[in-house]
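**Student:**
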Amino acid sequence: MRSLFWRILASFWLAIALVAGLSILLMHILNQDTWILSRHPGLKSLAEEWTQTYESQGEEAAQAILEQRKQRYHIDVQVLNEGGDPLVRGTFPRRAAAFEARQNNDDRRLPWRRLTVEYTSPKSGETYLLIYRIPHPELDAWHRESLLRPLSALGIALVVLTLFSLLVTLSITRPLSRLRGAVHDLGQTTYQQNSLAKLAARRDEFGVLAKDFNLMGARLQSLIGSQRQLLRDVSHELRSPLARLRIALALAERASPEERERLWPRLTRECDRLEALISEILTLARVDSDQASAEEVDLGALLVNLQKDASLGCPEQPVQFDGESLSLKGWPTMIERAVDNLLRNAQRFNPEGRPIELHAQRQGERIEISVRDHGPGVDPEHLAQLGEPFYRAPGQTAPGHGLGLAIARRAAERHGGSLMLANHPEGGFIARLDLPLEPGAAA
């Protein structure tokens, strides 16, 4: 497997090397003569200096400039006018000129490099042709010296750019490595939420990704923990009715026909309890696993039907409904189960003859559904644990398995809302379902 680190680093470095190499290559191939004329110290500005001297001081002064260049840089110079006639003696010997003529002006067979440049005087308007002849050893020595600085600068630039590429590559691959480690830990259920704290503090795409990953990891860990706790609670809750069934069956096997007749109602009652418990457990599981799409819910009609059902099932505890014609987008079955469980929970503790109060009202972009009973309420120290699966407050004698409030809470969370449980200031207990108009909307 090829490392992303090396691929990114190699891509940066190769791009830099190619640009630098092509720049040098083009400089030598396409602009070689121009580069020598503009860079060589013996040729740079020579045409301009000679022309000014020639026009202002005469031939002798102009010839002296050419001889000085000859002594210092070993460069022979000829200067011709537009007609091809020499204006000064120059420094190119006649024997060398004859040798050059015999070689048919072939630079490959000559011991010098010939360069020509035309210069037009801005003062007189005359055009001069300057012919330069540089010996190859002199030109090679200058090439080595002149290329040393660009190559050194290029080397330094490559080192700096390589370090820069290294930093850029590390800034990309190190966060990916941390995310990979976090994914591995999450798969092994050893994920720690603070393992990506530094990465989440970054103000770039990796920081946003780390924050989302932290939220996902926390959510998954919470789900895994709740599922494990649910399995433990389910096994504990199922053990009791199964144990009672076994005892009743053992007694029925040794009992007489008359005693068996008395045991059958007990067996039926235990089977009904077990079936009700399993039904509630399945309902709790469906709330988390239901993948149906949200739909428009006529909340007013749904609550009216629940009011009628609750009043019909327990006529001594009427349900008073006070609500507007409300609607929201969500899962009607979940909302129905949640409110129905809150009403059933209220009926277990509400005294006979006192109505249960059901309210629904819109508050901004949210809807609050509240169910209040007039029972004894719950001790404040136990309020925080209400809504956990299979939790029942100490001293509670009403029938139930402790799943009704858990189902209501899961349904609210699935919609992006919450379930708030509290003792009412005027007595009794109140449960509030806070739901957004759109599922998943932030509070």
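Everything in the sequence shown is counted per this note's numbering, starting at 295 for the first residue and increasing by one. Heads up, the beta-carbon is just placed ideally off N, CA and C, and yes, glycines get one too. The model shown is predicted, which means the values in this text are computed figures rather than measured ones.
(1) Based on Cα-Cα distance, which residue from 588, 349, 600 lies nearest to residue 417?
(2) Under the assumption that residue 677 contacts residue 716 (Cβ atoms under 8 Å), give the Cβ distance between them as a whole number of angstroms.
(3) Suppose the cutoff is 7 Å on Cβ atoms and the five residues either side in sequence are ignored; what does the same chain contact list for residue 553 look like?
(4) By the DSSP assignment, the beta strand (DSSP E) with residue 364 in it spans what residues?
(5) If you measure between the beta carbons of residue 731 and residue 660, is that distance less than 8 Å?
(6) If I measure Cβ to Cβ from residue 648 and keep anything under 6 Å in the same chain, skipping five residues before and after, which residues do I get?
(7) In the structure shown, what three-state DSSP assignment does residue 546 receive?
(8) Please go through the same chain and pick out, in chain order, the residues whose beta-carbon is closer than 8 Å to the beta-carbon of residue 610, but skip the five residues on each side of it.
(9) List the whole-angstrom C-beta distance separating residue 637 from residue 604, where the pair is believed to meet the contact cut-off of C-beta under 8 Å.
(10) Put residue 717 into one of helix, strand or coil per three-state DSSP.
(11) I need the boundaries of the alpha helix (DSSP H) containing residue 633, first residue and last residue.
(12) Within a Cβ cutoff of 7 Å, which residues of the same chain sit near residue 460, ignoring the five residues on either side of it in sequence?
(13) At a cut-off of 7 Å, would you count residue 515 as near the ligand SAM, judging by its Cβ distance to the nearest heavy atom?
(14) Let me know the secondary structure DSSP gives residue 308 once reduced to three states.
(15) In whole angstroms, what separates the C-alpha of residue 325 from that of residue 452?
(16) Give me the Cα-Cα distance between residue 629 and residue 616, rounded to the nearest whole angstrom.
(17) According to DSSP, simplified to helix, strand and coil, what is residue 478?
(18) What three-state label does DSSP hand residue 616 in the structure shown?
(19) Between the segment 456-471 and the segment 418-436, can you find at least three pairs of beta-carbon atoms closer than 8 Å?
(20) Using DSSP with H/G/I as helix, E/B as strand and the rest coil, what is residue 680?
(21) What is the DSSP secondary structure of residue 657, reduced to helix, strand or coil?
(22) Label residue 724 either buried or exposed according to how many other C-beta atoms from any shown protein chain fall within 10 Å of its C-beta, with 16 as the threshold for buried.
(23) Give me the Cα-Cα distance between residue 639 and residue 698, rounded to the nearest whole angstrom.
(24) Where residue 482 and residue 511 are concerned, what is the direct C-alpha to C-alpha distance, given to the nearest angstrom?
(25) Consider the Cβ of residue 500: report whether some Cβ of chain B lies at a distance smaller than 8 Å.
(26) Between residue 457 and residue 310, which are expected to be in contact by the criterion C-beta below 8 Å, what is the C-beta distance as a whole number of angstroms?
(27) Rounded to whole angstroms, what is the Cα-Cα separation between residue 493 and residue 467?
(28) With DSSP run on the structure shown, which of helix, strand or coil describes residue 606?
(29) If residue 410 and residue 428 are in contact, beta carbons under 8 Å, what's the gap, nearest whole angstrom?
(30) Helix, strand or coil, according to DSSP, for residue 338 in the structure here?
**Tutor:** Result, derived from the coordinates:
(1) 349
(2) 7 Å
(3) none
(4) Here residue 364 belongs to no beta strand (DSSP E); instead the alpha helix (DSSP H) covers 353-367.
(5) yes
(6) 668
(7) helix
(8) 646, 647
(9) 5 Å
(10) strand
(11) 626-643
(12) 303
(13) No copy of the ligand SAM occurs in the structure displayed, which carries no ligand at all.
(14) helix
(15) Any reading at residue 325 is ruled out, since the residue's pLDDT is 44, under 50, leaving its predicted position unreliable.
(16) 17 Å
(17) helix
(18) strand
(19) no
(20) coil
(21) strand
(22) buried
(23) 7 Å
(24) 12 Å
(25) Absent from the structure: chain B. Only one protein chain is present.
(26) No, residue 457 and residue 310 are not in contact; Cβ-Cβ is about 11 Å, not under 8 Å.
(27) 12 Å
(28) helix
(29) With a Cβ gap of about 12 Å, residue 410 and residue 428 do not count as contacting.
(30) coil
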